[in-house]
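Be aware that the sequence shown starts at 1, since it is given in UniProt numbering, and climbs by one per residue.
By construction, the Cβ of each residue, glycine as well, lies at the ideal position given by its N, Cα and C atoms.
First up is the structure itself, then whatever we jot down about it.
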Amino acid sequence: MGFTTVPETLRGARSAAGEKVGSLRGADCAEPVGRVAGAVQGGSAAAAAAHCQDALSTTFTEWRAEAQRLTDHLGVAADRYQQGDHAAAGVFPSAAPTMHGPR
């Protein structure tokens with residue numbers, strides 16, 4: 001039992017994922033949280049909001065980097081599957097029938 005891969009489908013997924021990840025570059029999802037710190041100046045709420053903003057910003061940046069890494073790996077996987085298919089084609093004989101029935 002095995003599986004079939006379609007390298008072009010993997011490359012298409014890499015392209016689509018790359019577009020999505022690319023559209024997130026420059027996004028600042030933590031910015032609204034930072035506005036909370038300005039709205040509740042003084043006390044511990046402002047400090048907590050600022051800490052939350054920093055943590056969210058760092059986490060989002062790390063997530064984008066990981067998403068980009070996984071996106072890139074789709075392309076690497078497609079290339080390796082295709083290389084394996086080409087290598088196997090040179091090792092195994094054609095699947096054309098070689099036995100003939102009675103003549």
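So is residue i buried or exposed if we call it buried at 16+ other beta carbons inside 10 Å?
{"i": "R80", "result": "exposed"}
{"i": "A14", "result": "Note on identity: in this sequence residue 14 is Arg, with Ala being the wrong assignment. Buried, because 16 or more other Cβ atoms sit within 10 Å of the Cβ of R14."}
{"i": "A78", "result": "buried"}
{"i": "Q53", "result": "buried"}
For the alpha helix (DSSP H) containing residue i, name the first residue and the last one.
{"i": "A27", "result": "It is not in any alpha helix (DSSP H) - A27 carries neither H nor E in the DSSP assignment."}
Report the CB separation of residue i from residue j in whole angstroms; it is logged as a contact under 8 Å.
{"i": "residue 123", "j": "V21", "result": "The question about residue 123 has no answer here: the residues shown for the chain are numbered 1 through 103."}
{"i": "L56", "j": "A17", "result": "That pair is no contact at about 22 Å."}
{"i": "A27", "j": "A37", "result": "Actually they do not touch by this definition, with Cβ atoms about 19 Å apart."}
Discussion item. Measuring CB atoms only, is the segment 28–38 touching the segment 7–17, in the sense that at least three cross pairs come out at less than 8 Å?
Written reply: No contact exists between the segment 28–38 and the segment 7–17.
Practice prompt. Could you name each continuous alpha helix (DSSP H) segment of 4 residues or more that falls completely within the UniProt region "Disordered" (1–24), going from the start of the chain to the end?
Written response: With a minimum length of 4 residues, the continuous alpha helix (DSSP H) runs that stay inside the UniProt region "Disordered" (1–24) are 7–23.
Item to complete: Run through the segment 17–91 for me and flag every whole beta strand (DSSP E) of 3 or more residues, listed as ranges in chain order.
Response: Given a length threshold of 3 residues, the segment 17–91 has no whole run of the beta strand (DSSP E) inside it.
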